[in-house]
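Undergrad:
Numbering (the working numbering), first residue to last: 111 to 180.
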């Protein structure tokens, strides 16, 4: 099943990832609900997963079905 890529504001996602990423907010924005819940339960993968996601979003990693906008 093919889904049309969704435009996501890069700066807003980056800021939410920095400040609320340990609660999984960034993964919910990206449409990864299961991973967002998992990240919420583990408090950002004990900080490591949070750091990785901040780096991925800061470098505009090409997530599946996401188009970064400014």
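We put the CB at the ideal spot given by N, CA and C, even for glycine.
What number of angstroms, rounded off, separates the C-alpha of residue 154 from the C-alpha of residue 139?
TA: As a position in the chain shown, residue 154 is number 44, starting the count at 1. As a position in the chain shown, residue 139 is number 29, starting the count at 1. Distance between the alpha carbons of residue 154 and residue 139: 15 Å.
Undergrad: Taking the continuous alpha helix (DSSP H) assigned at residue 123, which residues delimit it?
TA: Here residue 123 is taken as the residue at index 13 of the chain shown, counted from 1. 120 to 130 is the span of the alpha helix (DSSP H), which, as asked, contains residue 123.
Undergrad: Who does residue 179 pair with in a DSSP beta bridge?
TA: Within the chain shown, residue 179 is the residue found at index 69, counting from 1. Answer by DSSP bridge pairing, in chain order: 119.
Undergrad: Can you tell me whether DSSP reads residue 134 as helix, strand or coil?
TA: On the chain shown, residue 134 is found 24 positions in, with the first residue counted as 1. Correct three-state label for residue 134: coil.
Undergrad: Evaluate the contact criterion for the region 114 to 124 versus the region 162 to 180: three or more CB pairs, one atom per stretch, below 8 Å.
TA: Output reads yes: the region 162 to 180 touches the region 114 to 124.
Undergrad: What whole-angstrom Cβ distance do residue 150 and residue 133 have, given they're in contact under 8 Å?
TA: Position 40 of the chain shown, counted from the first residue, corresponds to residue 150. Position 23 of the chain shown, counted from the first residue, corresponds to residue 133. That belief holds up - the Cβ atoms of residue 150 and residue 133 are roughly 5 Å apart, short of 8 Å.
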